[in-house]
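Counting from 18, one number per residue, gives the positions in the sequence shown under this note's numbering.
Structure first, commentary second.
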Amino acid sequence: MFSVYAVSMLFVEESKSFTIEKEINYPIDKVFPQFNNLQNFTQWNEFFVSKEDYTFAYYTPYEGQGSSLNYQNKKNESDYGDFFIRYENPFSTLKYQLFEGKNVNPYSINVKFVPQGNKTKVIWFVHTPRLPFLKRSLNLLSEDFVAGNIDQSMVNLSQLLSGKVDKEILLSKIKYDTLMVEKQNGQLLLGINVSSVNKKGDLIKNIELNHNKVISLVTKDLGKKEDEFGVPVLITEPGSYKDKEVSYFYGVPVKKREGLSDNNFNFRTLNASENYYMYYKGRYENRIKVIAQLLQKAQKDSMRNGQLQETFIEAPNAKKEVTIKISLPVYR
């Protein structure tokens, strides 16, 4: 029986290459950032979404060529892997490599993007690892497995982008530089306490780093999906922008407390309050004028104030302008 199996393996390739074409109903500028940012990528790619009992570690840079991640099964130390972006031609091509466990032969995955108006054709070129002679039967199954994985991934991506488009419509209706008042409900936040140097550009880089840590904890370690937690909030003293060092808490709203294995993170209660607030879009360091306006309004109205809250409507990115809601709790 073994000899029959061995002979049959002579006709099975030691590795396999195949191409899969898909089309998604969103333009290239919406689609490509979901592929070149690994934290985005693991939110919808079925290979990673299906890994519920795994921890994920992301390494800088967090997007583009040179970025990488490691995944590890929390219950089986021999079940792990590494994923890399080896090459990027923006809005055109990405080349990935996936190493599973101790296997030194990776999956090579090249993805080509073809803009088609408000749609994008996504072409996957997959090359499976070389397999030992007696394991080549796995190549008979690999194409169906990968094709099914990509099918579900594209469904996941469409659903995710649908939510992002709704968010963009909401963003388009925001009134910037207008001071408003609101009653804010109490919230439970899960996040991290941080101290950072307050130099131009350094603080937002530090915020971006800790944003990625918090989102990784919530989505990968705790297994929560995007609709199970809220928009991230930074809490600090309103006058801290003048200091050489800033201490802040950065976290996301969650529904309930639960056990945490990492002592670097903690829960924090944000009490209900009346807030003066303004929306701001621009360079992070230039938000100071908005903070000053809120403080002046509180002083003019003879109100005391609590700690400043900066809600990141869009994820912090040191290379881009921020879109934030800056709130100052006030009381008599």
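Cβ coordinates follow ideal geometry from the N, Cα and C atoms, glycine included.
What is the rounded straight-line gap between the Cα of residue 155 and the Cα of residue 335?
-> Sequence index remark: in the sequence shown, residue 155 carries index 138 (1-based). Sequence index remark: in the sequence shown, residue 335 carries index 318 (1-based). Confidence is the limiting factor: at residue 155 the pLDDT is only 42, short of 50, which leaves the residue's position unreliable and the question unanswerable from this model.
How about residue 294 and residue 224: do their beta carbons lie closer than 8 Å?
-> Counted from its first residue, the sequence shown places residue 294 at position 277. Counted from its first residue, the sequence shown places residue 224 at position 207. Not in contact: residue 294 and residue 224 (Cβ atoms no closer than 8 Å).
Quick one: grab the DSSP three-state call for residue 137.
-> The count along the sequence shown starts at 1 and reaches residue 137 at position 120. Three-state result, residue 137: strand.
Which residue comes first and which comes last in the beta strand (DSSP E) that contains residue 77?
-> Here residue 77 corresponds to residue number 60 of the sequence shown, with the count starting at 1. Careful: residue 77 lies outside any beta strand (DSSP E) and carries neither H nor E.
CB of residue 145 within 8 Å of CB of residue 32, strictly | Here the question's residue 145 lines up with position 128 in the sequence shown. Here the question's residue 32 lines up with position 15 in the sequence shown. Yes, the pair counts as a contact, with Cβ atoms nearer than the cut-off.
State the DSSP-derived secondary structure class of residue 285, mapped to helix, strand or coil.
-> Taking the sequence shown and counting its residues from 1, one reaches residue 285 at position 268. Note: residue 285 maps to strand in three-state DSSP.
Three-state class that DSSP yields for residue 201 in the structure shown = Taking the sequence shown and counting its residues from 1, the one referred to as residue 201 is at position 184. It is a strand residue.
With DSSP as the reference, label residue 299 as helix, strand or coil.
-> Within the sequence shown, numbered from 1, the residue matching residue 299 stands at position 282. Residue 299 falls in the strand class under three-state DSSP.
Using the Cα positions of residue 75 and residue 87, report the straight-line distance between them to the nearest angstrom.
-> Taking the first residue of the sequence shown as 1, we reach residue 75 at position 58. Taking the first residue of the sequence shown as 1, we reach residue 87 at position 70. Going from the Cα of residue 75 to the Cα of residue 87 covers about 7 Å.
With a Cβ-Cβ cutoff of 8 Å, do residue 116 and residue 99 count as a contact?
-> Within the sequence shown, residue 116 is the residue found at index 99, counting from 1. Within the sequence shown, residue 99 is the residue found at index 82, counting from 1. Cβ atoms of residue 116 and residue 99: closer than 8 Å.
On the premise that residue 203 lies in contact with residue 285, defined as a C-beta separation below 8 Å, what is that separation, rounded to the nearest angstrom?
-> Position 268 of the sequence shown, counted from the first residue, corresponds to residue 285. Position 186 of the sequence shown, counted from the first residue, corresponds to residue 203. Rounded, the Cβ-Cβ distance is 11 Å, inconsistent with contact.
How would you write the range of the alpha helix (DSSP H) that residue 270 sits in, first residue to last?
-> The residue given as residue 270 occupies position 253 in the sequence shown. Unbroken run through residue 270 is the beta strand (DSSP E), 262-271; no alpha helix (DSSP H).
State buried or exposed for residue 271, treating a residue as buried only when at least 16 other CB atoms are found within 10 Å of its CB.
-> The residue labelled residue 271 in the question sits at position 254 within the sequence shown. Residue 271 comes out buried.
When DSSP builds the beta bridges, which residues end up paired with residue 104?
-> Within the sequence shown, the letter at position 87 stands for residue 104. Answer is 112.
Those residues which DSSP pairs with residue 328 across a bridge = Within the sequence shown, numbered from 1, the residue matching residue 328 stands at position 311. Partner(s): 250 and 342.
Cβ neighbour criterion (16 or more within 10 Å) applied to residue 249 = By 1-based counting over the sequence shown, the position of residue 249 is 232. Classification of residue 249: buried, given that the 10 Å Cβ count is 16 or more.
CB contact flag (residue 114, residue 123, <8 Å) | Reading the sequence shown from its first residue, position 97 is the one you call residue 114. Reading the sequence shown from its first residue, position 106 is the one you call residue 123. Yes, they are a contact pair.
Roughly how many whole angstroms lie between the Cα atoms of residue 264 and residue 221?
-> Locating residue 264 in the sequence shown gives position 247, counting from the first residue. Locating residue 221 in the sequence shown gives position 204, counting from the first residue. Spanning the two alpha carbons is a distance of roughly 13 Å.
Expressed to the nearest angstrom, what Euclidean distance is found between the alpha-carbon atoms of residue 127 and residue 37?
-> The residue given as residue 127 occupies position 110 in the sequence shown. The residue given as residue 37 occupies position 20 in the sequence shown. Rounded to whole angstroms, residue 127 to residue 37 spans 11 Å at the Cα level.
Buried or exposed for residue 301, please, with buried defined as at least 16 other CB atoms from any protein chain shown within 10 angstroms of its CB.
-> The residue labelled residue 301 in the question sits at position 284 within the sequence shown. Residue 301 comes out buried.
Where residue 90 falls: helix, strand or coil (DSSP) | For the purposes of this step, residue 90 is identified with residue 73 of the sequence shown, where counting begins at 1. Three-state DSSP puts residue 90 in a strand.
Based on the DSSP secondary-structure assignment, which residues constitute the bridge partners of residue 304?
-> Here residue 304 is taken as the residue at index 287 of the sequence shown, counted from 1. Looking at the DSSP assignment, residue 304 forms no beta bridge with any residue, so it has no partner.
Within its chain, find whatever has a CB closer than 8 Å to the CB of residue 178; leave out the 5 residues flanking it on each side and keep chain order.
-> For the purposes of this step, residue 178 is taken as residue 161 along the sequence shown, with counting starting at 1. Taken in chain order, the residues that qualify are 41, 43, 47, 48 and 51.
So what's residue 99 in DSSP terms, helix, strand or just coil?
-> The count along the sequence shown starts at 1 and reaches residue 99 at position 82. It is a strand residue.
Just the Cα atoms here: how many angstroms apart are residue 341 and residue 65?
-> Taking the first residue of the sequence shown as 1, we reach residue 341 at position 324. Taking the first residue of the sequence shown as 1, we reach residue 65 at position 48. Their backbone Cα atoms lie some 30 Å apart in a straight line.
Given residue 327, which residues of its chain have a CB within under 6 Å of its CB, disregarding the five upstream and five downstream residues?
-> Your numbering for residue 327 matches position 310 in the sequence shown. The answer, listed in chain order, is 251, 341 and 343.
Under the rule that 16 or more other beta-carbon atoms within 10 Å means buried, what is residue 80, buried or exposed?
-> Indexing the sequence shown from 1 puts residue 80 at position 63. That one is buried.
Please classify residue 25: is it buried, with 16 or more other beta-carbons within 10 angstroms of its beta-carbon, or exposed?
-> Start at 1 with the first residue of the sequence shown, and residue 25 comes out as number 8. Here residue 25 scores only 38 on pLDDT, less than 50, and its place in the model should not be relied on; the value that follows carries that caveat. Exposed.
Going by DSSP, what residues sit across from residue 214 in a beta bridge?
-> Start at 1 with the first residue of the sequence shown, and residue 214 comes out as number 197. 262.
What residues in its chain sit with their C-beta under 6 Å from that of residue 349, if we drop five residues either side in the sequence?
-> Within the sequence shown, residue 349 is the residue found at index 332, counting from 1. Nothing listed; no residue qualifies.
Entirely within the stretch 156-194 and at least 4 residues each: give me those alpha helix (DSSP H) ranges in chain order.
-> 156-189
Among 227, 211, 229 and 190, which has the Cα closest to the Cα of residue 254?
-> Here residue 254 refers to the residue found at position 237 of the sequence shown. Looking at the Cα atoms, 211 is the closest of the given residues.
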